[in-house]
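Below you'll find the structure, written out as structure tokens, and then a few comments.
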Amino acid sequence: METQLKGVRTATPAAQTKTRPKKKSLNKFITISLFLAPAIIVYILYVLYPIFSTLLYSFYKWDGVGAGEFVGLQNYINLLSDNVFWTSLTNNTWVILTSIFVQIPLGLIMALMLLAPIRGIRLFSGIYFFPFLISTVAVGLLWVLMLDPLNGIINQIVSVFGFENVEWLSQSRTAMFAVLLVIVWQFSPFYMILFKAAIVGIPEELYEAAEIDGASAFTKFFRITLPLLMPTIVSSSILAIVGSLKAFDIFYVMTGGGPNHGTELLGTYMFKQAFVNFNMGYASAIAFVMFFLAMIVTIIIQALDYYRKKKGAYV
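Numbering (this note's numbering), first residue to last: 346 to 660.
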């Protein structure tokens, strides 16, 4: 009888130790699921569902009100022969190139200037960042007034040097340049903040060791600062490309896509097709092309960055 009881007593803790890990893992899974559930629900409702619904609507000829007519890939076929679509895509490409080769380098230069040992340089931190704090619509209206051909301050400055007034936003050859200039002015401070935070995070010991070895300022920048900033540069490039493909408000406020579609973007063209021409299916096709291009470019950049890390070129 005692041996039987002893057997029971020794078996019970062993069984309990087997069930406890399962119970623990189950409780852990439930806890993690409960914490993740709100974020997953929001992501499904506001990211995945709009993407799939946009893809679905792009296969229809639909005015946004009545029943749609299924047309398959016809909207995408029409895009291939749409001159305005190709003009919009070209203009978006110019925005992307400006963002990558002007905004990001300018943001890096501004960040380096703010970290320079110059008295009173911190004052410029607020001055540099001020344009990014203003609403994009307000920035557009402000620059429309400044670029006014008769009373704008830009033309008044131009006239001081003996040049004639320029209709900045009314001519195709100058309108795109003017809006790109405004974009650089407003969004370069955003990259300045990213680079400033990344530079501050670089260990000071690296620069001290380089100084002991007699490295110049240029050598320290190209051998230490720039390589360690590569992750920030990659992230900034992705943000710049995706933001450029989604650009809408500043162009719509300043030019409305004109003159003669000279500043038309995929975003403004999609808006006009959807809410002016009430061609929701065609607008959905444009929107999905924008998403597809952003996804492809992001994957390419991530793949190149992965190859760079694997090769061990930089940290």
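All C-beta atoms, glycine included, are put in the ideal place defined by N, C-alpha and C.
Looking at the DSSP output, residue 609 shares a beta bridge with no other residue. The beta carbon of residue 630 is closer than 7 angstroms to those of 403, 420, 421 and 424 in its chain, skipping five residues each way along the sequence. DSSP, read as helix, strand or coil, puts residue 553 in helix. In this structure, residue 650 lies near residue 579, with their beta-carbon atoms less than 7 angstroms apart. A direct Cα-to-Cα measurement between residue 486 and residue 510 gives close to 20 angstroms. Of the residues assessed, residue 534 falls on the buried side of the cut-off, its CB having 16 or more other CB atoms within 10 angstroms. Residues of the same chain with a CB within less than 7 angstroms of the CB of residue 521, apart from the 5 flanking positions on each side, are 436, 439, 607 and 608 in chain order. The straight-line gap separating the alpha-carbon atoms of residue 514 and residue 655 is approximately 47 angstroms. Annotation: residue 555 to residue 565 spans about 7 angstroms, alpha carbon to alpha carbon. For residue 406, the secondary structure class from DSSP, reduced to helix, strand or coil, is strand.
The straight-line gap separating the alpha-carbon atoms of residue 492 and residue 636 is approximately 33 angstroms. In the DSSP annotation of this structure, the continuous segment of the alpha helix (DSSP H) that includes residue 518 starts and ends at 517-545. Note: residue 414 is bridge-paired with 406 in the DSSP secondary-structure output. When C-beta atoms of the region 377-397 are compared with those of the region 582-601, fewer than three pairs fall below 8 angstroms, so the two segments do not count as touching. A distance below 8 angstroms between beta-carbons, with the five flanking residues on each side excluded, links residue 504 to the following residues of its chain, in chain order: 510. Of all C-beta pairs linking the region 585-598 to the region 610-618, three or more are shorter than 8 angstroms, placing the two stretches in contact. C-alpha of residue 540 to C-alpha of residue 413: approximately 48 angstroms in a straight line. Taking every protein chain shown into account, the CB of residue 441 has 16 or more other CB atoms within 10 angstroms, so this residue is buried. Straight-line measurement puts the Cα of residue 620 at about 30 angstroms from the Cα of residue 476.
Cβ neighbours of residue 499 within its own chain (closer than 6 angstroms, five residues either side excluded): 491 and 492. A distance of 7 angstroms or more separates the beta carbons of residue 405 and residue 397. Linking residue 538 to residue 453 through their CA atoms gives a straight-line distance of about 9 angstroms. 410 is the residue among 410, 374 and 426 whose C-alpha sits nearest the C-alpha of residue 624.
Taking the CA atoms as reference points, residue 653 sits about 25 angstroms from residue 456. When C-alpha distances from residue 605 are compared across 394, 585, 519 and 586, the shortest belongs to 519.
Using a Cβ distance threshold of 7 angstroms, residue 590 and residue 638 count as a contacting pair. Residue environment analysis places residue 647 among the exposed positions, since fewer than 16 neighbouring C-beta atoms fall within 10 angstroms of its C-beta. Residue 543 is not a Cβ neighbour of residue 570, given a cutoff of 7 angstroms. The beta carbons of residue 551 and residue 433 sit about 45 angstroms from each other, so the pair does not count as a contact at 8 angstroms.
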